[in-house]
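Data first, discussion second: the structure below is written as structure tokens.
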Amino acid sequence: MVASSGRWRNLGAAAGAATAVLFAIFDLYQWAAAYASDHFHNDFTFYYVAAKIGLGQGWSSIYDLSLQQAQLDMLGSGIKVAELARYISPPPVAWLALPLTPLPYAAGYWVWSALLLAALAGTWYLAAPGVGRARIIYLAAAVGWLPVIYGLQLGQPGMFVALGVAGSYALLRAERPLLAGLALGLLALKPQLAFLAPLALLAARQDRAFLGSVIAVGALAGASALALGFDGLGAYEARLSFAASVPVNRELTLAYLLGDAARPVQVVIAIWTLVLAYRLRRRGIEWIYVCALVGGMLATPYVHLDDLAMLGLAAWLCLRAKGPVWIWIYLLAGVLAVEGEPIWGPVPVIAAELGAVVLLSVAAFTSRDVLTLPQIDARPLELRPRR
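Heads up: the sequence shown is residues 114 to 500, going by the numbering used here.
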């Protein structure tokens, strides 16, 4: 009986590995084909353009749409500035692209893409569950998952943010809380992806980690404000306000279901998420970050398909926590809901996120014995009782 069970488990793993690899190969082919058909219709183009504007006209000008259009024309991109075609990212994204501006555009794009792939590999190394070669299945599955490959194709900095969160988790596990907080400085590239992570650390009484995040994010925010000046800050605020009004930017948020009434609901969800992080803080460090990522995705007013890759990171952390078997089933359903979003729309995705918050709530107010979650002490070493 045991041998038979092992055989079926091995067959299941082999089937999963084969499926993941095939999806990964197909998606990498699609990425290459998309670039071959049009070099410029990706978000890296706007980071490259913003960096050139900052270098030539000053950082306060990077949100000037006329300057963006001029640079796009100089590249020969054929892109016209539009509601979804403009630079609206925080200044650190342009700063990150700055070293690539001396390179030809194509070389810069592929260097940037290589950095994103390295960030994906780093995130996998730090956060993926399992041991040995079996972990490679998770890397292949990530490349084959729609939000990840879409973000890579666009050149979105979301994978850098994922690396920051995964690094923070790994450092906190290694009893290095201040460095864990500093790793969250990468949130400055795209804050909406994990903006609740620092607050969740505070709620979970990881004070030194929270302090590190305040130092890192605060330093980059302050540097951005100084670089932009009053005029640049005004232009940035105007671009963000416009982006928040574009319907497609809200399709994967609660606003899709609730309209303007979503905002107070999102505030409540954010606060509740912090309560869950506090309640689950002794169940394992993983749950602090899971709460922040899942609750944050529901609480943010601005989500694109590629942003949902952060839910994949949350899923990895759930699996690392070695909870009940039903977690696997629910995560698989959530992964499929996201994968099929272009077919069946946002509702299953939003439902999966809400369901995850409900399940986290049940876990937070249920005994450990019922949930069989690991009893890991998430406190720093110096705060643990001596034995």
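Backbone N, C-alpha and C fix where the C-beta goes; we use that ideal spot for every residue, glycine too.
Closer than 9 Å to chain B by CB, residue i
i      : result
ALA149 : The structure shown contains no chain B; it holds only a single protein chain.
Cβ-based neighbour list, residue i, same chain, cut-off 6 Å, excluding 5 preceding and 5 following
i      : result
LEU299 : PHE273, VAL274 and GLY277
ILE489 : Low confidence applies to ILE489: its pLDDT is 41, below 50, so where it sits in the model is not reliable, and the reading given next is rough at best. Hits under 6 Å: GLY397.
GLY325 : LEU291, GLY294 and LEU295
VAL134 : ALA253
LEU432 : PRO242
ASN137 : In the sequence as presented, Asn is not what sits at residue 137; that position holds Ala. Within the same chain, ALA137 has close Cβ partners ALA253, VAL256 and GLY257.
ALA465 : GLY447 and ALA450
ASN155 : LEU267 and GLY268
ARG248 : ALA241
PRO461 : ALA450
Candidates the options: closest to residue i by CA position
i      : options                           : result
ILE262 : ARG246, TRP144, LEU302 and ARG318 : TRP144
ALA240 : GLY257, LEU228, TYR282 and PRO217 : TYR282
ILE250 : GLU454, TRP385, ALA127 and VAL381 : ALA127
ALA301 : ARG321, LEU213, ILE328 and ALA368 : ILE328
SER358 : ILE175, LEU185 and GLU196         : GLU196
ASN362 : ALA146, THR158, PHE153 and ALA198 : ALA198
PRO205 : ARG289, ALA334, GLY342 and THR413 : ALA334
ASP151 : ALA219, ALA210, ILE166 and PRO215 : ALA219
ALA348 : PHE139, ILE201 and LYS165         : ILE201
ASP420 : LYS303, ARG395 and LEU371         : LYS303
TRP439 : GLY468, PRO455, HIS417 and ALA368 : GLY468
THR214 : PHE157, PRO260 and LEU424         : PHE157
PHE478 : ALA247, ARG395, LEU341 and PRO311 : ARG395
LEU473 : PRO459, GLY458 and ARG392         : ARG392
ILE463 : LEU424, LEU430, TRP441 and TRP429 : LEU424
GLY458 : ALA428, TYR142, ALA356 and TYR369 : TYR369
ALA422 : ILE456, ALA336 and PRO260         : PRO260
TRP208 : ASP140, ALA163 and LEU188         : ALA163
VAL416 : GLY245, GLY271, ALA428 and GLY453 : GLY271
Delimiting residues of the alpha helix (DSSP H) encompassing residue i
i      : result
PHE157 : 157–170
TYR349 : 320–358
ALA464 : 460–477
GLN305 : First-last for GLN305: undefined, no H or E at that position.
GLY189 : Segment: none, GLY189 is in no alpha helix (DSSP H) and carries neither H nor E.
SER226 : 218–240
ARG392 : 375–392
TYR415 : Unbroken run through TYR415: none, as it is neither H nor E.
GLN266 : 259–267
VAL256 : 249–256
GLU454 : 454–457
LEU421 : Careful: LEU421 lies outside any alpha helix (DSSP H) and carries neither H nor E.
SER313 : Looking at the sequence itself, residue 313 is Ala, so the reference to Ser does not match. ALA313 -> alpha helix (DSSP H) spans 310–316.
GLY372 : Here GLY372 belongs to no alpha helix (DSSP H), and DSSP marks it neither H nor E.
VAL274 : 271–286
VAL206 : 204–210
Spatial neighbours of residue i in its chain, beta-carbon cut-off 7 Å, leaving aside the 5 residues before and after
i      : result
THR132 : none
LEU285 : ALA293, GLN319, ALA322 and ILE398
ALA390 : ALA313, ALA316, ALA317, ILE401, CYS404 and ALA405
LEU494 : In this prediction, LEU494 scores a pLDDT of 46, lower than 50, which makes its location untrustworthy; the coordinate-derived value is nonetheless stated afterwards. Excluding residues within five positions, the ones whose Cβ falls inside 7 Å are GLU288.
VAL378 : LEU367 and LEU371
ALA147 : GLN266
SER190 : PHE153 and THR158
VAL483 : Low confidence applies here, because VAL483 scores a pLDDT of 40, under 50, leaving its location unreliable; read the following figure in that light. Around VAL483: no qualifying Cβ.
LEU496 : Residue confidence for LEU496 is low, a pLDDT of 43 falling below 50, so the modelled location carries little weight; the figure read from the coordinates is stated next. None.
LEU341 : TRP172, SER173, PRO204 and TYR349
Residues that residue i bridges to, as DSSP identifies them
i      : result
ALA195 : ALA198
Sequence-distant residues of its chain with Cβ nearer than 8 Å to residue i (five each side left out)
i      : result
ASP344 : SER173
ASP177 : ILE166, GLN170 and ALA348
ALA346 : In the sequence on display, residue 346 carries Leu and not Ala. Taken in chain order, the residues that qualify are ALA338.
PHE159 : GLN181, ALA198, ARG199, TYR200 and SER202
GLY221 : PHE157, TYR161, ALA210, LEU213 and THR214
VAL470 : ILE382, TRP385, THR386, LEU389, VAL407, GLY408 and LEU411
Any non-hydrogen atom of the ligand ATP within 8 Å of residue i CB
i      : result
MET272 : Of the ligands one can find in the structure shown there are none, so the ligand ATP has no counterpart to examine.
For the region 224–243 against the region 326–345, are there 3 or more C-beta pairs whose distance is under 8 Å?
-> no
Is the region 210–225 close to the region 374–393, with three or more CB pairs under 8 Å?
-> no
contact_flag[the region 405–424, the region 305–318] where n(CB pairs < 8 Å) is 3 or more | yes
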